[in-house]
Amino acid sequence: MTRLLSRGLLVNIAVVLAALGANAFVACERIGGLRESDARTLRSMSLLRDLAAWRGTLGESLTQLSRFEATGIAETDAGHQAREAHLDALESGLRAQIAMEPGAAGAFDALAVRAAVMRRDANAAFERAKHAAPGASRAWADIAFVTLGEDQQAVDEELSVVRARIDDATIIALDHSAQASSGAMLLLVFTMIAGSAVLIWLFASHERQSREKLGAVRARQRSNERFRGMFEAHPVPMWIVDRETMRFVAVNQAAIGHFGFNEPEFMNMTLRDLHHADDFDSFAARLARSGEGGEPGQGSAGVWRYRCKDGSIVGADVSHHSLSYSNRPGIFMLANDVTDRIHAEAEARRSNEMLEAVIDNIPQRVFWKDRELRYLGCNNAFARDAGLAYNEQVIGKTDFDLPWSALAEIVRADDEDVIVTTVPKMHHERDIVVGDQLRTIVSSKLPLLDGEGQTIGVLGSYHDVTNQKRAELALRLQSRALDASVNAILITGVADGANVIEYANPAFKRITGYDPSEVIGQDCRFLHGPDGEQEGLTSIRRALAANMEASVVVRNYRKDGALFWNQLFVAPVPNAQGMTTHHIGIINDVTDLMRYQEELEYQANYDTLTRLPNRNLLKDRLQHAIETARRRETKIAVVFMDLDGFKNVNDSLGHSVGDRLLAVIAERLARSARSSDTVARHGGDEFVVVLPDIHDEAGLIVWMERTRAAISEPVWLDDTELYVGCSMGASLYPQDGDDAETVMKKADLAMYRAKDMGRNNYQFFQPEMNASVGARMNLERRLRRALRDGEFLLHYQPQVDMTTRHIVGIEALVRWLDPEQGLVPPASFIPVAEESGLIGPLSEWVLREACRQNKAWQDAGLPPARVSVNLSARHFQQRDIARLVTSVLEETGLAPRYLELELTESAIMRNAEEAITMLSELSALGIGIAIDDFGTGYSSLSYLKRFPVHRLKIDRSFVADIGESSDDETITSAIIALAHSLELQVIAEGVETHAQHDFLRERDCDEMQGYLFSRPMPHEAIPGLLQRGVLPH
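Under UniProt numbering, the first residue of the sequence shown is numbered 1, with each subsequent residue one higher.
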């Protein structure tokens, strides 16, 4: 602007210097007016933008209420207060801006009143939602939603008035600006025609700009009116629904006329209210899938049934497109009535119409052009036919630029005829080329009108009917597919409560033996045979009475009388009016599956190894026996058995031999029982026998003696003679308990008493057995307390090298300093610790304390010696034992060479291969490994030479009888020779006499340990022994 004024000033100086002041004054006045009009335009745009933001925030209350209605989750106080504060701020700003628009002030006041009513209703709904009890009815929310919808509609009407007043004020201001610019131009012409030429051009330029801005505003109005006109005038029903709530927010006249609901009724409805009840969920799922993967939510939704106000059902081919409407996500839908087409095809389809929907996805294409027949827009379906990636790419093109250019002249003539005559052309059929295919379409065109009713172009749509011509071929193919189905398919007609067969495919004969021609016209219930009152058939009748699908498994009979299991699916097939006229049934022979299921049920209730009832079935049988005995006032015996010696067989000969032995024992037990008894495998090597109708204990004793004798007979497996015994415990109903759990528990207690009494005998439950169980539980409780309160301590027994007489090791032995009983020896609590699972944490404590103490002795300057720690079998089975040892060594700082772990022979041999892996991990740490109690287990020499161990420890039971038992002396000598042959050291424990010492020394036993050298001593006594280094004997 400054450059233009400077140029004009130079011209004026050259022409007439005297008039410069006057012209500049006039020019400044006009320019100021132009700037004021610009500022007013910007202010109007800002005001309209703020109005839109205010309206959007106000409408959020509907969204929150809809979410509460759907999920029961109310808006938070913070969110509600933030929105209210935002609304107050927006309204305050709008009032400040509207004060500068006097023409719109009154309309805004009316708008504010409507908004206040809506905010009051929204706040009331918020308070009620916030205090609603969980699970309470939310029916009130639907009424509140309708009220808020009416409030919002009233706000939108007043908002339209405010916007119109603002637009009118803007137009008037721009008109005034243009008139003022014209006056200034005339004034300048009269005052200085020659010298003011440049200024006149400048004012004319600004006048043009003002008129262009005015034109933009009017163009915007025309665009809105044109789209509204297109929407309202389209002959096919259209509507827009809110995406979240599925409520109608706009409908065209075609929809109103077609479905019979007026516009207010539509606004109070959701899309579910218009859809057929059976269709809406599938339709909603179809809409949801159309927007997955980032694709636009648009396209054809197919043919669906809709409910008119008069109750009639119509079919419509629906296309949809996602859009934003009133600042909320919405869905634009076009529903083309295809009811007549469906009725016309019904006769051709006949009985096949219920098997598959015919051509249920005929998408609609919509487009609009200007008067020069250039495309102004289209939907995505049209764009795809036109070979375009986006619908915007069609703008500005003509039919000569699209794949059907060969038909462009014909299409142009049709379009011009519609524009000139303003007469619509509806349902016009034509062949076009889409891609490389010839398609047949039916198009409809009508004049595109602006807000003044002037024709500005043509609006049209077309849909593809190619599939209709292929329908007959498709039906033939479908019929062929039915004939080839592996399942039998029946179609029955509904007549007087019967289901008369109208169609049966060839698979029906393969499954039932009946030729389809034999059964046409018969009621399908003849397949039920004598089982006409099955529960599954009752379920089918109830479902069909309610016009619902049903799937059941029923017993049917073939033509030859053979039974087969039929997984039957039956579904009603409605006609175009929704009335059920036929049923379709699919027969699937699942006889093999039922047999497999019976096998699964057998496996769930029977032990697969022994074929005896398992624990589940035992529980049911025992409960049933008790209920029967309670009614008859009779007695029941429960005998709990555990095989003696079975573990040794399993560990030494393997699980395969153990399993075969269990099967033999199970067979002997079954033979010893009566048909009314239940013999069950309880688990492992435990069995339970339930004997009903027991008259006295004497008869039960006879049976237990006979059974024990039968079990104890030798068993030959793989040329090996095996012996096992059994410990049996018996309890009686009702004297030992009146429920299954109690009598089982007491039989178990009696069995353990039989174990304690030397095994391979039987015991009846006695009340004092409960006391022993209580004592054990008390001991377990005290052990847990001892672990928690640190009541355990370690005693240490030296291990002496027989060559040097020096102390080379110390075995850590756990003791319990019980506050109630004083010092408790390990034999009194270790078994309970092992059974209760406390041995794990106890062993870990011993390991950590022994390493810590040994490191403390070394730090005190005492001669170093290894410390031996016993590792329980259960602790050894933990796969992270190597990690635990590493952690303890790092924590205590003890060098690995000063730690030795002692494991029993039986613990290692439980799973020799896994033991090799775990022992290798431990040996790799640098610690020593010794096999404790060697000679008492079942070590295999082939495994022994593979174990990464350093020392064998002869069990004290062999050492104790040296000098008295030649067998033990022989075994001891053999162990020493075996160890040396494997390059292992040998240590003997329990050495108490000089005779034992001399015998072992003569046979080159490497180390000894026992009372002959030292009893186990507390840690305070060990430093003196280590300091001396040599122990006399």
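Even glycine gets a Cβ: it sits at the ideal position worked out from N, Cα and C. Since we're looking at a predicted model, the values are computed, not measured.
*Rounded to whole angstroms, what's the CA-CA distance from N336 to P447? Just pull it up for me.*
19 angstroms
*Where do the N-terminal and C-terminal ends of the alpha helix (DSSP H) with F958 fall, by residue?*
Note, F958: alpha helix (DSSP H), R956 to A960.
_Quick check on the DSSP output: what are the complete beta strand (DSSP E) runs of length 3 or more inside the segment 576-610, in order along the chain?_
Within the segment 576-610, the complete beta strand (DSSP E) runs of at least 3 residues are 580-589.
_DSSP three-state label for residue 1034, please._
Look at the range of the chain in this structure, 1 to 1033, and you will see that residue 1034 is not part of it.
*asked:* Would you call the segment 643-654 in contact with the segment 569-580, where contact means no fewer than 3 C-beta pairs closer than 8 angstroms?
replied: no
*Of all the options Q393, S920, V303 and Q468, which has the alpha carbon lying nearest to the alpha carbon of E345?*
Q468
*Roughly how many angstroms separate the alpha carbons of E429 and T466, rounded to a whole number?*
11 angstroms
_Taking the alpha-carbon of E820 as reference, which of V814, R785 and A827 has the nearest alpha-carbon?_
R785
*Given a threshold of 16 other Cβ atoms within 10 Å of its Cβ, counted over all protein chains shown, does M235 qualify as buried or as exposed?*
A quick correction: the sequence has Pro, not Met, at residue 235. Result: buried.
_For a minimum of 4 consecutive residues, which ranges assigned as the alpha helix (DSSP H) are wholly contained in the UniProt domain "GGDEF" (634-767)?_
646-653, 655-672, 697-712 and 740-756
*Which same chain residues, not among the five before or five after G294, have their C-beta less than 6 angstroms away from its C-beta?*
Note that G294 scores a pLDDT of 45, beneath 50, so its modelled location is shaky; the value from the coordinates is reported in the next line. Contacts found: none.
*List the endpoints of the continuous alpha helix (DSSP H) containing D416.*
Note that residue 416 is Glu in the sequence shown, not Asp. Its alpha helix (DSSP H) spans residues A408 to T421.
*Can you tell me which of A873, E232 and A154 puts its alpha carbon nearest to the alpha carbon of S912?*
The displayed chain sequence assigns Ala, not Ser, to residue 912. Taking only the C-alpha atoms, the option nearest A912 is A873.
*Helix, strand or coil at M548 [DSSP, three-state]*: coil
*asked:* Looking at V314: is its Cβ nearer than 7 angstroms to the Cβ of M333?
replied: no
*Considering H624, what are the terminal residues of the alpha helix (DSSP H) in which it resides?*
R615 to R632
*State the start and end residues of the unbroken beta strand (DSSP E) segment that holds T245.*
Premise fails: T245 is in no beta strand (DSSP E) and is neither H nor E.
_Which of the three DSSP states is assigned to P825 in this structure?_
In the structure shown, the three-state DSSP call for P825 is coil.
*Neighbour-count burial assignment, Q1027, 16 or more Cβ in a 10 Å radius*: exposed
*Through-space distance from H176 to V15, alpha-carbon basis*: At V15, the pLDDT of 48 sits below 50, so the modelled position is not reliable and the matter cannot be decided from this model.
*Under 6 angstroms Cβ to Cβ from S44, same chain only, skipping five residues before and after it: list those, please.*
I166 and T170
_R866, DSSP secondary structure in three states_ = strand
*Return yes when the Cβ of L62 is within less than 7 angstroms of the Cβ of L148, no when it is not.*
yes
*Ends of the alpha helix (DSSP H) at N380?*
N380 to D385
_Using a 10 Å radius around the Cβ and a threshold of 16 neighbouring Cβ atoms, would you call V867 buried or exposed?_
buried
*Under a three-way DSSP split, which group does V885 fall into?*
helix
*Rounded to whole angstroms, how far is the Cβ of W857 from the Cβ of P1023, which I believe are closer than 8 angstroms?*
About 6 angstroms separates the two Cβ atoms, so the contact holds.
*asked:* Restricting to Cα atoms, I'd like to know which of R759, T591, R668 and L862 is closest to R706.
replied: R668
_Cross-strand partners of T63 (DSSP beta bridge)_ = For T63, which the question treats as bridged, DSSP gives no partner whatsoever.
_Suppose contacts are defined by Cβ-Cβ distances below 7 angstroms. Is V552 in contact with L527 by that definition?_
no
*Please state if the CB of D399 and the CB of A408 are separated by a distance shorter than 7 angstroms.*
yes
*asked:* Does the structure place the segment 631-640 close enough to the segment 687-698 that three or more beta carbon pairs sit under 8 angstroms?
replied: yes
*Drop a sphere of 10 angstroms on the beta-carbon of K953, count the other beta-carbons inside from all chains shown, and report buried for 16 or more, exposed for fewer.*
buried
*At least 3 beta-carbon pairs within less than 8 angstroms: the segment 818-834 vs the segment 896-908*: no
*Determine, using beta carbons only, whether L1012 and V991 come nearer to each other than 7 angstroms.*
yes
*So residue 1034 is in the alpha helix (DSSP H); what residue range does that whole segment cover?*
For the chain, the structure presents residues 1 to 1033; residue 1034 sits outside this window and is missing.
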